[in-house]
């Protein structure tokens, strides 16, 4: 039986424990980015479709995220519920939530995977995908969604393990699957000349391996998160708690992704080279987002356990500490990305025009990225305290609503006044900074009110 890998998040020193929690998540995310970057490099450099293949893979990200976001939110919701019950030392509730969540991951994976598979082409056309890439993009999406059930099994399982402080095992499993993914990419794309189909198939196979490893590991646990296949069952109370936290989180992620999908549709109107540059820029910018996002994951688990343990003063201390760490990461990591941005973009594409578009995207996105980090961590803290609907509504109106207004009303006006396509591209992405600033301000207000309400309840 596997020795329990748990972390008590209700006692200090908190900085050390946050870093111990976050570092494996950061490494996991960076490894995933490197593996995804390898996908893009291999398909771009060795596929006969070249930049069109890069554009096809890159342009599908927002569509995939829009369909997967609800399920991922529910996975995070289950992690919060487990963390709160761990903090409250409610062993039976932890067990029921674990088994409810793992069964839910399979059900959601099959349902959402079917929608993605059958609706791929129509949705891509709604996004204004150019005729040159829509066939490749649809093929990639269909294969990707066939593997969605195993992807969700891994992510739900990882969320549960994170809730008890075990971030190392998911890192190991991801590393194994990632190395396999790169090897299969080379085999399928270079060896068998399968282009985007090879990249998608390699992703599905490697995700199946990571899911299997998570399930095997959870079956060997000697704590309340041990998984018994025969006990997989939907427990009403556990499901209700998970849905209460997870649905607003999932809807927020989904609508975020829809706003990005609409943005991607606007990017697509600039042509395949702008699409390739945008895909490359997103891959580079993720090397800033992933470390900040690890603190978001830490916030839900640390605040969740302390909420369950009713340690109110520690929650206040953690909110400031978590936000400070995320913002510092955003500022420090942005500097080399901006200075050497064109070099990094050149790894993904050798076309000068694509690099110019990509660097424009990179600068306007990354310079204010620390604001996005604080916004996400603040939302994580609010959810950890047990409130999910209010931050969802604020994020929807503050981020998504503003972006819709920008794309449909403000940007067409600016575009009519600016002839240079690169400058137009700059103003398109300026919506990120403004929407983050508005939303962070509102989320801070909600966080303060939620904390005061919790303090009144337990003191």
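Numbering (this note's numbering), first residue to last: -12 to 446. Ideal Cβ placement from N, Cα and C applies to all residues, glycine included. This structure is a prediction, so every number in the text was calculated from the model and none was measured.
Query, Result
"Pull up the distance between the alpha-carbon of residue 281 and that of residue 141, whole angstroms please.", "17 angstroms"
"Could you compute how far the alpha carbon of residue 188 sits from the alpha carbon of residue 59?", "21 angstroms"
"Taking contact to mean at least 3 C-beta pairs separated by less than 8 angstroms, is the stretch 199 to 209 in contact with the stretch 169 to 187?", "no"
"Note the first and the last residue of the continuous alpha helix (DSSP H) segment covering residue 435.", "408 to 445"
"Going by DSSP, what residue range makes up the alpha helix (DSSP H) through residue 331?", "328 to 335"
"Measuring only the C-alpha atoms, how far is residue 270 from residue 263?", "11 angstroms"
"With three or more C-beta pairs closer than 8 angstroms as the rule, is the stretch 391 to 401 touching the stretch 328 to 343?", "no"
"What residue from 344, 29 and 7 has the CA that sits closest to residue 181's CA?", "29"
"Going by Cα to Cα distance, which pick from 104, 155 and 121 is closest to residue 13?", "155"
"Roughly how many angstroms separate the alpha carbons of residue 294 and residue 273, rounded to a whole number?", "31 angstroms"
"Given that a residue counts as buried once 16 or more other Cβ atoms are within 10 Å of its Cβ, and exposed if not, what is residue 319?", "exposed"
"What are the boundary residues of the alpha helix (DSSP H) that residue 375 is part of?", "Taken as a continuous stretch (DSSP letters only), residue 375 belongs to no alpha helix (DSSP H), as it is neither H nor E."
"By a C-beta neighbour count over all protein chains shown, 10 Å radius and 16 as the cutoff for buried, is residue 47 buried or exposed?", "buried"
"Near residue 312, which residues of its chain fall below 6 angstroms by C-beta distance, leaving aside the five closest residues on each side in sequence?", "282"
"Please report how far the alpha carbon of residue 108 lies from the alpha carbon of residue 296, in whole angstroms.", "49 angstroms"
"Just how far apart, CA to CA, sit residue 96 and residue 403?", "43 angstroms"
"For the alpha helix (DSSP H) that residue 157 lies in, which residues bound it at each end?", "155 to 172"
"At what residues does the alpha helix (DSSP H) containing residue 122 begin and finish?", "118 to 133"
"Is the Cβ-Cβ distance between residue 441 and residue 299 less than 8 angstroms?", "yes"
"With a threshold of 16 other CB atoms inside 10 Å of the CB of residue 373, please say whether the residue is buried or exposed.", "buried"
"Tell me, please, whether the CB atom of residue 165 is closer than 8 angstroms to any CB atom in chain D?", "Protein chain content of the structure displayed is limited to a single chain, and chain D is not contained in it."
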